[in-house]
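This report concerns only the one structure given below.
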Ligand code: GDP
Ligand code: IMO
Ligand code: MG
């Protein structure tokens, strides 16, 4: 059965969790394929908020098998806390599957993330300091340690020794930190963590294919977003994985033939947390409006998000990079009180109108937005479920976004709750 991918189209926090949870009703399996606990996906069901970092957003349904795929980097301490949090709320994690090929995040990865950032000074990336970059760097350098290594104590300790031979002196001699101790780490990982996570370790690629062969519906839940993609984002201000739809193939072990519906999640305006270029960024009272009304503070790190108008130039590029079949728009309700709304339809770069993302990053840094301005709707839309009940100005804004992006908008979020959405195509 062909599968669905949910992918962020901007710089993250578009509302992927909310729509993954909504789509999961019709799925049998939800798979995370990249990233780690740098993600923060929020679900609001019957007024109760659940924020997830590692466990796929379909977990709240009894019928879903949540899968953490091989492309994810896993901090086991965080995973165990998340399992405990969910089970404490009465949500069973018994069906959770954790890929044996997923790479582990160790405390020294997190420490390196912190000291690397400190040493970058003014050039810092503004990472989530979760150890994501250093863990993926070890994977690419082929000195990473995988979940399956825990199942063979000798191999695990040997790999840990090799890793610490380098990380110990690096932390102690270059960064003036304490070198990690192998005995201590072995004890935590083998005696504390392993017994807790062993029941979930599985051959997730086999599980995914068995499900596909049985004709089941699978949803691949992207974390981060298109412009945080290691290859296609605003490098170096990116994360260390491939959130774009193609990442679902490598990060889960399926070929592109299986991906049919590719839903790009886009906020009705733009936000970014961390450093990097942001042409449509605002610094005025509209920025404060987005932050205050949209509660634009990191789910995970609590940082204030940078905000700006919807950038259709970026979205058109995201449509291509992900082969998007549709867009699910979120947080339209946050714009309810605005007099006018703007869409960045092109950039001005050195006096020239540019309608595509420039490939040269220096050009992107210089880009200033060219806006199309529309009247606001000045109406509370958070209770609307029928497209024809939307005020005309809101409908005009949605149609202008569709025109600019070149693909249909399928769903529109009008509030954080699971039921707060409009089927725009109905
Ligand atoms: P994710 O990382 O893409 O899953 O997004 P986050 O959960 O980090 O951030 C999105 C925030 O917006 C969360 O607090 C959601 O509850 C909230 N949210 C999602 N969709 C909507 C919407 O349509 N309207 C409003 N007002 N909030 C929304
Ligand atoms: P979700 O899945 C928003 C950003 C960080 C930083 C850059 C690199 O909730 O949308 P990293 O820790 O990954 O090395 O940081 O990426 N970032 C996110 N921004 N949402 C996220 O996840 C993010 N995950 C990482 O702020 O700019
Ligand atoms: Mg988030």
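Residue numbers (the numbering used here): 13 to 438.
C-beta: ideal position from N, C-alpha, C; glycine also.
By a beta-carbon distance limit of 8 Å, residue 396 contacts residue 434. Their separation comes to about 6 Å. Unbroken alpha helix (DSSP H) runs of no fewer than 4 residues, entirely contained in the segment 130-185, are found at 144-152 and 165-181, following chain order.
Here residue 66 has 44, 48, 49, 51, 80, 84, 86, 87, 90, 91 and 94 as same chain residues with Cβ atoms under 8 Å from its own Cβ, once five neighbours each way along the sequence are excluded.
Contact annotation, residue 261 with residue 339: C-beta distance approximately 21 Å; criterion of less than 8 Å not satisfied. The shortest CA-to-CA distance from residue 213 to any of 38, 102 and 107 is the one to 107.
In this structure, 278 is the residue among 205, 278 and 34 with its C-alpha nearest to the C-alpha of residue 236. If you draw a 10 Å sphere on the C-beta of residue 35, you find 16 or more other C-beta atoms in it, and that means buried.
Contact between the segment 276-296 and the segment 332-346 is present: three or more C-beta pairs spanning the two stretches fall below 8 Å.
Under a 10 Å Cβ-count criterion, residue 163 is classified as exposed, with fewer than 16 other Cβ atoms of the shown protein chains found around its own Cβ. As a beta-bridge residue in DSSP terms, residue 316 pairs with 309. Counting along the chain, residue 99 sits inside the alpha helix (DSSP H) bounded by residues 88-100. In this structure, the straight-line span from the alpha carbon of residue 371 to that of residue 249 is close to 15 Å. By the neighbour-count criterion, in which a residue is buried when 16 or more other Cβ atoms sit within 10 angstroms of its Cβ, residue 432 is buried. In the DSSP annotation of this structure, the continuous segment of the beta strand (DSSP E) that includes residue 53 starts and ends at 53-57. According to the DSSP secondary-structure assignment, residue 383 is paired through a beta bridge with 356. In the three-state DSSP reduction, residue 279 falls in the strand class (E or B). Rounded to the nearest angstrom, the Cβ distance from residue 386 to residue 353 is 5 Å, consistent with a contact under 8 Å.
Pairing residue 245 with residue 253 gives a Cβ-Cβ distance that is not under 8 Å.
Secondary structure at residue 249: coil, using DSSP grouped into helix, strand and coil. At least one heavy atom of the ligand MG sits closer than 7 Å to the Cβ of residue 53. At the C-beta level, residue 157 and residue 171 come within 8 Å of one another. Annotation: the continuous beta strand (DSSP E) that includes residue 364 extends over 364-366.
Less than 8 Å divides the Cβ of residue 316 from the Cβ of residue 303. Excluding the 5 residues flanking it on each side, residue 268 has same chain C-beta neighbours closer than 8 Å at 258 and 261, in chain order. Exclusion of the five residues before and after residue 382 leaves 356, 357, 358, 359, 360 and 365 as the residues of its chain whose Cβ lies within less than 8 Å of its Cβ.
The DSSP-derived three-state label of residue 271 is strand.
C-alpha of residue 24 to C-alpha of residue 287: approximately 13 Å in a straight line. In terms of side-chain proximity, the C-beta atom of residue 362 is found no nearer than 7 Å to any non-hydrogen atom of the ligand MG. Counting every other CB atom within 10 Å of its CB across the protein chains shown gives residue 406 a total of 16 or more, marking it as buried. It is roughly 14 Å from the alpha-carbon of residue 112 to the alpha-carbon of residue 46. Relative to the Cα of residue 136, the nearest Cα in the group 97, 312, 438 and 289 belongs to 289. Taking 8 Å as the cut-off, the beta carbon of residue 233 is found closer than this to the beta carbon of residue 69.
Under the DSSP definition of a beta bridge, residue 433 partners with 425.
Linking residue 240 to residue 331 through their CA atoms gives a straight-line distance of about 15 Å. Annotation for residue 31: the continuous alpha helix (DSSP H) segment containing it runs 28-36.
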